[in-house]
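In the UniProt record's numbering, the protein residues as written are 1 to 377.
Ideal Cβ placement from N, Cα and C applies to all residues, glycine included.
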Ligand code: OSB
Ligand code: MG
């Protein structure tokens with residue numbers, strides 16, 4: 001396909017409640033949407049994708065305006081100049097730019113959406129989905145106090161979520177975990193995410209999580225620090241899972257072989273796209289390492305693709321693939337994600353329509369725009 005245009009929309013969406021982690025407190029999701037148009041026999045196709053970069057460089061070095069800048073000045077010109085672009089060639093065509101995986105991932109996903117819409121194939125069909133429904137977990141932010149936390153968690157349990165993930169940081173860890181475990185009972189899946197807030201000096205303290213039968217502890221130490229994760233994995237019974245550290249299949253294999261991680265959180269934006277995500281999934285299956293699908297407060301645009309990815313066979317743990325209502329009163333797509341009922345309680349249906357299978361609401365993209373769209377040709 002020849003790309004005719006790449007349009008960038010920067011929007012701000014209000015969150016249904018503030019979301020606090022060890023690195024930030026968000027009340028609004030500022031995000032970048034990528035819209036591509038392709039040429040072709042039947043008048044071409046359109047594709048949409050969402051860049052997972054956050055407003056500021058606090059989770060990763062990438063951030064919304066940085067992603068917009070690198071797409072505008074480096075990545076989009078390379079793709080628009082190429083005579084033939086497919087999702088499979090976005091990686092090679094943009095490999096001259098160091099890093100910026102979230103920006104590259106958004107372009108690859110938008111091209112993939114256009115390409116699959118043109119061929120009538122769904123994301124799930126393209127990835128090799130093996131299930132129609134995926135198990136959903138929910139990520140619970142740091143609360144002002146224990147009562148507020150228990151209230152929020154009990155709401156999610158009532159909604160049917162199959163796994164609870166608590167954000168933790170020094171000073172907000174053992175007590176909230178004990179209180180939630182006590183409230184939800186011994187069998188419900190419970191895990192924690194530190195977003196790099198601890199250091200090697202905290203290893204003995206983190207061993208205090210062992211009695212709570214957690215599924216895993218996610219990314220306690222800074223992303224480059226593989227060796228301290230190895231030390232923690234040897235010192236505690238709770239499985240260690242990497243998020244921020246895993247930026248490619250090569251890094252994933254190194255971390256697995258060193259014993260730094262026994263479970264992997266796959267976030268397509270962080271690793272440079274859905275194609276690299278599938279490669280990490282396949283490598284983890286080969287090494288008997290369970291994976292789950294992470295989240296970045298996606299709107300329906302990114303959520304649809306994540307749910308399709310989570311339908312691959314190695315995604316044996318519930319992901320941060322919550323319903324749209326977890327973050328947004330009104331989603332950006334015509335088909336908001338709603339948890340199933342009955343035997344599908346706590347699950348989301350894998351979209352089956354062409355591409356992501358969701359339709360972007362142009363009216364909301366306009367209403368929530370932070371700037372005029374940037375049209376690149
Ligand atoms: O570490 O998984 C994380 C949100 C923003 C940045 C990093 C993370 C998260 C979440 C929320 O935990 C995941 C979601 O529900 O989308
Ligand atoms: Mg995480």
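Inter-residue distance for residue 84 and residue 3 is about 8 Å (C-alpha atoms, whole angstroms). Only exposed fits residue 205, as fewer than 16 other CB atoms lie within 10 angstroms of its CB. Using a cutoff of 6 Å, the CB of residue 102 does not count as near the ligand OSB, since none of the ligand's heavy atoms is closer than that. Residue 321 is classed as buried because its beta carbon has at least 16 other beta carbons within 10 Å across all chains shown. With the criterion CB distance below 5 Å from any heavy atom of the ligand MG, the matching residues run 193, 218 and 243 along the chain. Annotation for residue 62: 53 and 102 place their beta carbon closer than 6 Å to its own, counting only its chain and skipping 5 residues before and after. Beyond the five residues adjoining it in sequence on each side, residue 367 comes within less than 8 Å, by CB distance, of no other residue in the same chain. Annotation for residue 51: no alpha helix (DSSP H) segment contains it, though the beta strand (DSSP E) segment containing it runs 46-51. Residue environment for residue 341: exposed (fewer than 16 other C-beta atoms within 10 angstroms of its C-beta). Around the C-beta of residue 69, fewer than 16 other C-beta atoms lie within 10 Å, and the residue is accordingly described as exposed. DSSP, reduced to helix, strand and coil, places residue 267 outside both helices and strands of the structure shown, so it counts as coil. Residue environment: residue 375 is assigned as exposed (fewer than 16 neighbouring CB atoms within 10 Å of its CB, all protein chains considered).
Ranked by how close their Cα comes to the Cα of residue 246, the residues 325, 273, 336 and 164 have 273 in first place. For residue 104, the three-state secondary structure derived from DSSP is helix.
A contact between stretches requires three or more CB pairs, one per stretch, nearer than 8 Å, and the stretch 273-283 fails this requirement with the stretch 297-304.
Residue pairing of residue 37 in beta bridges, as defined by DSSP: 5 and 46.
Per the C-alpha coordinates, the member of 268, 267 and 253 positioned closest to residue 261 is 253. Here the alpha carbon of residue 200 sits roughly 45 Å from the alpha carbon of residue 47.
Taken from the Cβ of residue 295, at least one heavy atom of the ligand OSB lies inside 6 Å.
Nearest Cα to residue 143 within the set 131, 123 and 180: 180.
Distances taken from the Cβ of residue 59 to the heavy atoms of the ligand OSB include one shorter than 6 Å. Residue 269 and residue 193 have their C-alpha atoms some 18 Å from each other. With contacts defined by Cβ atoms closer than 7 Å, residue 311 and residue 28 do not form a contacting pair.
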